[in-house]
Each structure stands twice: as structure tokens, then as C-alpha cells.
Ligand code: DC
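In this note's numbering, the protein residues as written are 5 to 205.
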């Protein structure tokens, strides 16, 4: 049986952590849709036309570690504003969402465009300062040298682009439940998300 949990929100809001935890808890497949845009963004940085990169995307390109840099994140946000790129990635995401056995997808437009019929929709947010702090600590732990101010500027630029684009901008679906993780522990945020899912199952 298909059961889709759609999780949207800005960068470093905690949506990925919640998505992975829910997938593990319910035995659902998980797709981090940001990786699709990051893989296209990286190929653009290598000189490939973004539309062509999206149309020929190989799932073997979704190697997480090499896609986690700030440079690739900005490139992902730029290619994500191109309608032809979004279109090329649509069918794969829709099929994933409706696969048998349940699926969790996290991104920016899952509840609004990819899977408007999702059984559960969550909109996960946190203040830009909290998100920048989390991303800064994550980058530092992984050995990337950067400053908090640079990460905050990055987060704000990406928010503006992701919310301001004409095609599938980041916004809360009308029937999504909002979780603000600014003042929440990971465990509390995951528990809250689990309660919402349990109520719909
Ligand atoms: O979630 P992330 O930080 O890995 O996403 C990288 C970029 O990809 C993000 O800035 C905007 C874009 N994106 C999108 O437009 N739609 C999605 N469903 C997921 C990501």
C-alpha cells in the first residue's frame, strides 16, 4: 500500500533528520530530493547544461558526501529555479512517492507540487540564525573551514532564491502541519512528527 509523508522546509530546518527518523520508524523508503538538485548543480559546475544534466541524471550520481558542500548547495538552488530541470525530475519523484510500502520525501515542493495527495504533510522551519548555526557546526565537524557569518549569508541567499522563484517555490501547503524546531531537541522534533503521522495512520 502507498503512504506518502511529504516534508518541506528551508535548508537546515531539521527536515532531513526528521525524514530519516520517520523512514526508519515506519520501514518506509526515504528520498532526500535536495540531492537530485545538488547532483544537477554539481554537473553544472563541471560545465554541463543543467537541463541536459537533469534529463540524464544517474542515481549513482547521488553520492552524498561530495554533494554536501556550500558551493554545490548554491548551484543546486540556482538550477532548481529552471522549470525544465524541475520537470525532468518530476516523474522519478512522483513514482518514488507512491511506491508500495510507504515513502518519505523531503524537499521544498513535495507537499505542494510533487505529491499534493500525500497522506501526511509536514512543514519544518527554524529561524535563519538557528539554521545557520547548525549548518556551521556540521561543516566544521566535517573539516570545512568557514565562518558563521558566511554560512548565515549563504542560508539567507538560498532562502530568498528558493522562496522567490516562480516555479514551485518553497511554501507551506495549506494542509501541512508546521513544526518549528528552533527551540526543540532532535528527539522532541522527531517525536512530534511521529505523533502527527500516527494520527493519520
Ligand atoms: O535540501 P537541500 O539543501 O539539499 O536542497 C538544495 C537545493 O535544491 C535547495 O536550495 C533548493 C533545491 N531544492 C528544490 O528546489 N526542491 C526540492 N524538492 C529540493 C531541493
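From the three backbone atoms N, C-alpha and C, an ideal C-beta is built for every residue, glycine too.
Since the model is a prediction, treat every value here as computed from it, not as a measurement.
{"query": "Report the CB separation of residue 83 from residue 54 in whole angstroms; it is logged as a contact under 8 Å.", "result": "4 Å"}
{"query": "Taking the continuous beta strand (DSSP E) assigned at residue 169, which residues delimit it?", "result": "Looking at the DSSP string, residue 169 is not in any beta strand (DSSP E), and its letter there is neither H nor E."}
{"query": "According to DSSP, residue 35 sits in a beta bridge with which residue or residues?", "result": "109"}
{"query": "Using three-state DSSP, classify residue 86 as helix, strand or coil.", "result": "coil"}
{"query": "Do you know how far the Cα of residue 34 is from the Cα of residue 103?", "result": "11 Å"}
{"query": "Ordered along the chain, which non-local residues of its own chain (more than five positions away) have a Cβ less than 8 Å from that of residue 204?", "result": "123 and 124"}
{"query": "I'd like the ranges of any beta strand (DSSP E) spanning at least 3 consecutive residues and lying wholly in the stretch 124-171.", "result": "124-129"}
{"query": "If we ignore side chains and look at the alpha-carbon of each, how far apart do residue 162 and residue 78 end up?", "result": "7 Å"}
{"query": "Based on Cα-Cα distance, which residue from 26, 154 and 189 lies nearest to residue 74?", "result": "154"}
{"query": "Using 6 Å as the cut-off, classify the Cβ of residue 17 as near or not near the heavy atoms of the ligand DC, replying yes or no.", "result": "no"}
{"query": "Should residue 60 go down as buried or exposed, given a rule of 16 or more other Cβ atoms within 10 Å for buried?", "result": "exposed"}
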